Ligand code: AR6
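Next comes the structure, spelled out in structure tokens:
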């Protein structure tokens, strides 16, 4: 899969259209639910492609801490995927915009980036969290995702990821991210 990249701060942002389970990155992020027991959409695809080892580790996390709250993130093996780890984060369900959805979505990106830094990952790939079943408006969600990546790379931490990849599955999200890139980081 080829993507479109732009340098920023200490690294780069890449946009790719396709299936995140086929991506080669140190870390792949999953848009999970708080049970961590799998589901549909990208969650289902990651568990199917990664195999049972991922669910096994999710079960251990659930026993230890009882799932994962909205906005939080946990890390597991990537099983058979071509990644070192999967980070599972739980996006907010869109409820009209007055239930702290924006803050919680930003937390998903920030907490995932913090975990990636703690594991010294060079690259991390995000799906468009909350924009499927959870109904978050795509344009608003993309602005939050984009700004979180820009802020992280401008902060330029030594051990943080150098490449942040946005994997867009549907055409609408791909168009939105391409437009953001050409407007915010013209080549
Ligand atoms: N690769 C990349 N992106 C994908 C893929 C894929 N293989 N498949 C879907 N997407 P969703 P949410 C995109 O619904 O809205 C699950 O059941 C999709 O086009 O997967 O955060 C969980 O268990 C969309 O843009 O996640 C939760 O219960 C984006 O991934 C719930 O859905 C997110 O869509 C979470 O809902």
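Residue numbers (UniProt numbering): 1 to 187. Glycine included, each C-beta is placed from N, C-alpha and C at the ideal position. Note that the coordinates shown come from a computational prediction; the quantities given were computed from them, not determined experimentally.
Under 7 Å between C-beta atoms of residue i and residue j
i, j, result
"residue 132", "residue 9", "no"
"residue 111", "residue 72", "yes"
"residue 106", "residue 61", "no"
"residue 91", "residue 130", "yes"
Residue i versus the options, residue with shortest Cα-Cα distance
i, options, result
"residue 164", "14, 2, 49", "14"
"residue 42", "162, 181, 128, 179", "128"
"residue 138", "25, 170, 79, 18", "170"
"residue 114", "29, 135, 65, 12", "29"
Cβ separation of residue i and residue j, assumed to be a contact under 8 Å, to the nearest whole Å
i, j, result
"residue 77", "residue 49", "Rounded, the Cβ-Cβ distance is 13 Å, inconsistent with contact."
"residue 38", "residue 44", "6 Å"
"residue 23", "residue 150", "The pair is not a contact, with the Cβ atoms about 21 Å apart (cut-off 8 Å)."
Opposing strand residues paired with residue i [DSSP bridges]
i, result
"residue 123", "163"
"residue 88", "30, 74"
"residue 173", "Bridge partners of residue 173: none, in fact."
"residue 17", "168"
Any non-hydrogen atom of the ligand AR6 closer than 6 Å to residue i Cβ
i, result
"residue 5", "no"
"residue 131", "yes"
"residue 20", "yes"
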